[in-house]
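Report on the structure given below.
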Amino acid sequence: MKTIGVPTLLGIPFDAYSSYLRGAGHAPVKIREALRCDASNSWSELGVDLGVAGVYADAGDLVFTEKDAFAAIEAGVGALIDAGKRPVSLGGDHSITYPIVKAVARRCPELTIFHFDAHPDLYEEFEGNRWSHACPFARIMEAGLAKRLVQVGIRTINQHQREQAERFGVDVVEMRALPAYSKLKAAGPVYITFDMDALDPGCAPGVSHREPGGMSVREAIAHLHAIEGEIVGADLVEYNPVQDVAGVTATVAAKVLKEILGKMIAG
Ligand code: MN
Ligand code: MN
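Its first residue numbered 30, the sequence shown is counted upward by one per residue in our numbering.
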């Protein structure tokens, strides 16, 4: 099924599978506030005015209990797509991307995933949890939910995750190999997952795992703008307001979100 509908925000306030720090569950409300803040206007750099009624929508926050979270996420995202919308989920820790992609891939097969992150998140299991935010791309790839997975900005890969990447045929673009614009072209449907720790902690300190040597906001935007393909959905995860400094990371998250929405709308 093709989805060319209105990009629709969906808050997913879930951080129970964050291995080191909680707090990302508080992100959706903060990102929305920053997106609507009068400090900036509503135009994306690609010339899309997000202030025009109807160019994007907001479905509010998903309601769930910790126990039924993944089922609720898969159902909630699936319902949006079935209603003709393109889900843009606001996390939450990165574990949510597995149930989100389950819903997307069922409706948009042959998916290409462009994944921005400091971490490959390919652990077979992490501290005994197969659903950890360190594992979603192992789950996605072993379930055959993506035709292609391209990871951008990686700078923490270890031997286990290198083996996992090889096993699943993941295209890992390490931070030191950037820029990598040519990797971001896809023939079929595209899903974007953006972990805020892809960015350098100097410009985005509000994350649970600060990993120095990351992307500047400009590098991240340049790579987002370079994407070619039909974007059927996206998520923005791992903003942790508890770790933020003067709301700087919320502003950066809103900027990244604005450029993702602009890109989806501009086509
Ligand atoms: Mn991640
Ligand atoms: Mn990460």
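For glycine and all other residues, C-beta sits at the position ideal for the given N, C-alpha and C.
Residue i - DSSP class collapsed to helix/strand/coil
i      : result
TYR46  : coil
ALA102 : Contrary to the premise, residue 102 reads as Ile rather than Ala in this sequence. Reduced to three states, the DSSP call for ILE102 is helix.
TYR85  : coil
LEU253 : helix
SER124 : helix
THR278 : helix
PHE155 : strand
PRO165 : helix
ARG184 : coil
GLY40  : strand
ALA263 : strand
ASP273 : coil
ILE289 : helix
ILE33  : coil
LEU75  : coil
Per-residue burial, residue i [other beta carbons within 10 Å of its own, 16 or more giving buried]
i      : result
GLY89  : exposed
GLU171 : exposed
ALA283 : buried
TYR49  : exposed
THR94  : exposed
ARG168 : buried
ASP78  : exposed
PRO36  : buried
LYS31  : Here LYS31 scores only 43 on pLDDT, less than 50, and its place in the model should not be relied on; the value that follows carries that caveat. Result: exposed.
LYS96  : exposed
ASP111 : exposed
GLY291 : buried
ARG61  : buried
SER69  : exposed
VAL199 : buried
Option nearest residue i by Cα separation, candidates the options
i      : options                           : result
GLY262 : LEU79, ASP226 and LEU286          : LEU286
SER47  : PHE155, LEU109, GLU139 and LEU119 : PHE155
LYS103 : ILE125, ASP273, GLY173 and HIS252 : Checking the sequence, you will find Glu at residue 103 rather than Lys. Looking at the Cα atoms, ILE125 is the closest of the given residues.
GLY258 : ALA132, GLY296 and ALA206         : GLY296
ARG177 : ALA134, TRP160 and HIS148         : ALA134
VAL271 : ARG136, GLY52 and LEU207          : GLY52
ILE41  : GLU195, ALA112, GLU139 and TYR268 : TYR268
PHE99  : PRO128, GLN180, PHE166 and GLN190 : PRO128
HIS254 : PRO230, GLY276, TYR210 and ALA215 : TYR210
ARG115 : ILE221, ALA194, PHE197 and VAL246 : ILE221
ALA249 : ASP224, GLY83, ASN187 and ALA68   : ASP224
MET244 : ILE256, ALA275 and MET204         : MET204
GLY105 : CYS66, GLY54, GLY80 and LYS131    : LYS131
MET293 : LYS59, TYR85, ARG247 and VAL246   : TYR85
GLU288 : ARG184, SER73 and GLY34           : SER73
Rounded distance between the beta-carbons of residue j and residue i, thought under 8 Å
i      : j      : result
THR232 : VAL281 : Position check: residue 232 holds Cys in this sequence, whereas Thr was assumed. Right, the Cβ-Cβ distance comes to about 6 Å (below 8 Å), so this counts as a contact.
PRO208 : LEU140 : In fact, because the Cβ distance is near 24 Å, the residues do not count as touching under 8 Å.
PRO241 : GLN190 : So it is not a contact: roughly 19 Å between Cβ atoms.
LEU119 : PRO57  : 4 Å
GLY121 : ALA147 : That pair is no contact at about 17 Å.
ASP226 : HIS238 : 5 Å
VAL277 : PRO234 : 7 Å
ASP44  : GLY54  : 4 Å
LEU39  : LEU91  : 6 Å
ALA63  : ALA279 : 4 Å
PHE145 : ILE256 : Not a contact, Cβ separation roughly 11 Å.
| said: As an exercise, report each continuous beta strand (DSSP E) stretch of at least 3 residues that is fully enclosed by the stretch 189 to 223, in chain order. | reply: Listed in chain order, the complete beta strand (DSSP E) runs (minimum 3 residues) inside the stretch 189 to 223 are 200 to 203.
When a residue counts only if its C-beta is closer than 7 Å to some heavy atom of ligand 4, which residues count, in chain order?
-> Among the ligands in the structure shown, ligand 4 does not appear; only ligand 1 and ligand 2 can be found there.
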